[in-house]
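First comes the structure, then the notes that go with it.
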Amino acid sequence: MFKTKYNVSMIKIRRLTCFDYPKLKKLISYLCNDENDKLAKSLMEEPLGILNAMLPLSLKFKSESFILLDNSEILGLITTAHTPGNPYKINITRLIFKENLYEIGKHLVQFVIQKYGEKGAKSFTVTIDECHDELFDLFINSCGFRQCASETLWKIDHPTPHKSTLKWRYAQNSDANSIAELYNSEVNNMYKPSLLRHPKEFQNPFFEGFTDYYKTRFIIENEENLLGYFSITTNDNLNYIFDITTNNGYEFDYCEIVNAMLCEVARKKKAFYPLVKQKKYTKNSERLENYLKSKNYYPIQTQQILVKDCYKQVKEEVSDWNVFILGERVKG
């Protein structure tokens, strides 16, 4: 591995501000336009970012970014977001550093673990494209994460929504306990310690208008039970993630569920890219995969979920730049 030297004594990590954008543009100039635009948009919301930074972990409503500098040069950037409804579960959503400087990435990861751990965070999660061997090594061997589970996105080419016959309704906050019970019961036992979800995670965020994404939730029910839950999520109003959880004791027509979501998006958008998420840690994962294959949808991205469950203060070290973007959604 080739390493670039830097001055350890001059390194510091601090919150990203709008004044950093001119220098940051040099670091992110080779990123896709969407990623560049997302960073620029977040920096334009600086007043909200300042307010968000001052709030305790339980009240934060926006993602936060931090940069590592050597003198005045930005060597790397990390972005975190708490899980809505569970602020003590932290997601690392972006990690950028120059080629071969993996130690910069390590420093940034350790920084957020220590920072949020001191505020009470109990779990840290990152999703990584399965082809990024170097990132696996960074998070697992250098930062103490463990490989937990995986998710695959399947692309729907040429979506053609038609009138749906599925009986569903919009989920309410009062449905959160039932949704959580359904979701947690459908997670395979070996994944439950890390992937169980709290009912509040299925409620609309209090500061919903200020979040970095938009999510709509739906449920399928009979007179007695909640039989299915599905959601539509987008952070750019172009790529829409369809997420389905169904009771494995019932037979469902996935075509009708997917069509219902296509109709819902098509009411508001003429052009969009629908992506179905396959959660490979749930009981109905294989059944959903068989349906997706039968419709000739194709997988475009598989991400591994890495988890660090327990906060442990890490003794800092230092040493060396390839750039990675975590959680990037592929535009069709």
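According to the working numbering, the sequence shown holds residues 5 to 336 in order.
Where a beta carbon is used, it is the ideal one built from N, C-alpha and C, also for glycine.
These numbers were taken from a predicted model, which means no experiment stands behind them.
{"Item": "Cβ-based neighbour list, F23, same chain, cut-off 8 Å, excluding 5 preceding and 5 following", "Value": "none"}
{"Item": "For W158: DSSP bridge partner residues", "Value": "V280, P303"}
{"Item": "Beta-carbon proximity list for E293, same chain, < 7 Å, skipping 5 on both sides", "Value": "Q282"}
{"Item": "Under 8 Å between C-beta atoms of L170 and I304", "Value": "no"}
{"Item": "Outcome for K16 when other beta-carbon atoms lying within 10 angstroms are tallied against a minimum of 16", "Value": "exposed"}
{"Item": "Segment contact flag, the region 125-141 with the region 87-95, C-beta cutoff 8 Å, min 3 pairs", "Value": "yes"}
{"Item": "Beta-carbon proximity of F65 to P209, cut-off 8 Å", "Value": "yes"}
{"Item": "Whole-angstrom C-beta distance between G89 and E205, which should lie under 8 Å", "Value": "4 Å"}
{"Item": "Beta-carbon proximity list for A153, same chain, < 7 Å, skipping 5 on both sides", "Value": "Y195, L199, K284, Y285, I309"}
{"Item": "Cβ neighbour criterion (16 or more within 10 Å) applied to E155", "Value": "buried"}
{"Item": "DSSP-derived helix/strand/coil call for N243", "Value": "strand"}
{"Item": "C-alpha distance - I117 paired with I100, whole-angstrom precision", "Value": "17 Å"}
{"Item": "Minimum C-alpha distance to E227 - residue among N177, W172, Y258, A264", "Value": "W172"}
{"Item": "C-alpha distance - E122 paired with F115, whole-angstrom precision", "Value": "11 Å"}
{"Item": "Alpha-carbon spacing of S74 relative to T83, whole angstroms", "Value": "Note on identity: in this sequence residue 74 is Asp, with Ser being the wrong assignment. Cα to Cα, D74 sits roughly 19 Å from T83."}
{"Item": "Reference N300; option with closest CA among S67, P163, T87, Y120", "Value": "P163"}
{"Item": "L142 beta carbon less than 8 Å from that of L81", "Value": "no"}
{"Item": "Pairwise C-alpha distance: K274 and M14", "Value": "51 Å"}
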